[in-house]
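A.B. asks: For what it's worth, my numbering labels the leading residue of the sequence shown as 15, then goes sequentially. Cβ atoms here follow ideal geometry from the backbone N, Cα and C, with glycine treated the same way.
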Amino acid sequence: MLGIVSSPVPFQVKNVVLAGAYDQYGRGRVSNFLNSFNLLNMYLELGGHRLNAQDASNFRQQLDMQRASLTTTFDYRDQATISYTYYALRHLPYTVLMDVNITAKKDMNITAASVMEAPDALRDVQNYYNEIDRPHVTLSLLTSSAKSPTGKLLMCASNSFLFSEPHGQEPRIIHEMWDNAMHLMKFSKTLKAGQTYAYAVAGSSITSAHHPDPLNEAERLTIFARLEGRQRLLDFHTKAWQDLWQSDIQIAGDAQAQQDVHSMLYHLYSFSRAGTDYSPSPMGLSGLGYNGHVFWDSDLWMYPALLVL
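#1: Can you pull the DSSP bridge partners for A132?
#2: Going residue by residue through the region 184–223, where are the continuous beta strand (DSSP E) segments of at least 3 residues, counting only ones entirely within it?
#3: Are there 16 or more other CB atoms within 10 angstroms of the CB of G289, so buried, or fewer, so exposed?
#4: Using DSSP with H/G/I as helix, E/B as strand and the rest coil, what is V275?
#5: Tell me where the alpha helix (DSSP H) around E231 begins and ends.
#6: Thinking C-alpha only, which one of E131, E231 and S174 is nearest D193?
#7: Taking the runs of the beta strand (DSSP E) that are 3 residues or longer, which of them lie wholly in the region 89–116?
#8: Alpha carbon to alpha carbon, how far is D113 from Q76? Give it in angstroms, no decimals.
#9: Rounded to the nearest angstrom, how far is the Cβ of L58 from that of I96, given a contact under 8 Å?
#10: Whose CA, out of I146, L176, R91 and L103, lies closest to the CA of A127?
#11: How long is the line joining the alpha carbons of E145 and K28, rounded to whole angstroms?
#12: Excluding the five sequence neighbours on either side, which residues of its own chain have a C-beta within less than 8 Å of the C-beta of N66, listed in chain order?
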């Protein structure tokens with residue numbers, strides 16, 4: 015249901031799209047795919063310096079089609095090695111996860127922020143920040159809502175940090191409001207040379223096309239993900255994809271053909287979900303160039319393959 019379009023810029027996501035979210039705007043006087051809130055954008059400061067694309071060396075990105083994850087790894091000078099992985103969680107159709115690991119090569123202070131941005135096409139943006147403090151858990155919710163260009167849909171997104179520290183020892187979170195289209199929450203941490211620090215961001219995005227109360231539902235889904243915790247989220251996601259890959263096509267003696275077929279299967283599985291009536295999207299043919307529309311390809315090419323698998 016929820017798709018992440020990657021970016022070559024560290025800690026940036028190009029787009030977040032949601033199946034079934036359309037409105038009439040832009041070109042062509044027809045319904046267009048709506049870009050949702052960019053709920054996975056971040057920034058990272060090491061020693062007071064905010065990292066950018068020019069700071070990254072040995073930059074690598076790897077798509078794991080078996081586990082449906084995209085991992086980015088890079089070095090920052092001689093000070094740190096950073097890796098982060100995106101997941102569109104298979105078992106939670108409206109929820110995404112970003113898993114971050116920082117290995118310090120020198121003593122340093124880090125500041126990490128989760129930035130919620132609204133695309134320019136959305137209007138009447140409202141930003142919210144809530145802290146929930148209970149005896150067993152403390153969590154922060156960064157939430158935004160907005161109307162689609164014509165006002166047809168209400169679009170909502172929410173995210174939260176997932177820390178590895180025991181309850182009561184998590185970093186202090188600070189909320190900042192930059193403007194109506196952007197706000198963030200951030201924390202700081204001191205690392206020793208050789209220390210690896212891990213944290214994650216879980217977020218949910220949903221619209222009134224999917225739920226009658228998308229604002230509360232986005233926060234509810236995010237709270238659930240936060241309470242589940244990083245490891246349980248990853249375990250259930252991995253198990254869901256293992257079940258899908260039980261239907262496979264294996265080609266002996268031709269590694270390139272095997273990779274090509276697995277890529278096709280991965281995209282077919284990625285765009286299909288039991289219990290939904292959305293047409294599977296043909297790989298490479300349903301981006302913004304086609305306004306996000308899906309044509310006859312589904313019936314002719316996609317469903318026969320799914321029946322065989």
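C.D. replies: This is what the structure holds:
#1: The residue labelled residue 132 in the question sits at position 118 within the sequence shown. A132 is not bridged to any residue.
#2: For the beta strand (DSSP E) assignment, the uninterrupted runs of no fewer than 3 residues enclosed by the region 184–223 are, from N- to C-terminal side, 188–193, 196–205 and 210–221.
#3: As a first step, residue 289 is located in the sequence shown; it is residue number 275 there, counting from the start. Exposed: under 16 other Cβ atoms inside 10 Å.
#4: In the sequence shown, the residue the question calls residue 275 occupies position 261. V275 falls in the helix class under three-state DSSP.
#5: Locating residue 231 in the sequence shown gives position 217, where the first residue counts as 1. Run containing E231: P228 to E242, per the alpha helix (DSSP H) assignment.
#6: Numbered from 1 along the sequence shown, position 179 holds the residue referred to as residue 193. For D193, the closest alpha carbon among the candidates E131, E231 and S174 is that of E131.
#7: Correct list: 94–102.
#8: The count along the sequence shown starts at 1 and reaches residue 76 at position 62. The count along the sequence shown starts at 1 and reaches residue 113 at position 99. Distance between the alpha carbons of Q76 and D113: 14 Å.
#9: Indexing the sequence shown from 1 puts residue 58 at position 44. Indexing the sequence shown from 1 puts residue 96 at position 82. Contact between L58 and I96 holds: CB atoms are separated by about 7 Å, below the 8 Å threshold.
#10: Counted from its first residue, the sequence shown places residue 127 at position 113. For A127, the nearest C-alpha among the options comes from L176.
#11: Numbered from 1 along the sequence shown, position 131 holds the residue referred to as residue 145. Numbered from 1 along the sequence shown, position 14 holds the residue referred to as residue 28. Rounded to whole angstroms, E145 and K28 show a C-alpha spacing of 28 Å.
#12: For the purposes of this step, residue 66 is taken as the residue at position 52 of the sequence shown. Same-chain partners within the cutoff: V23 and P24.
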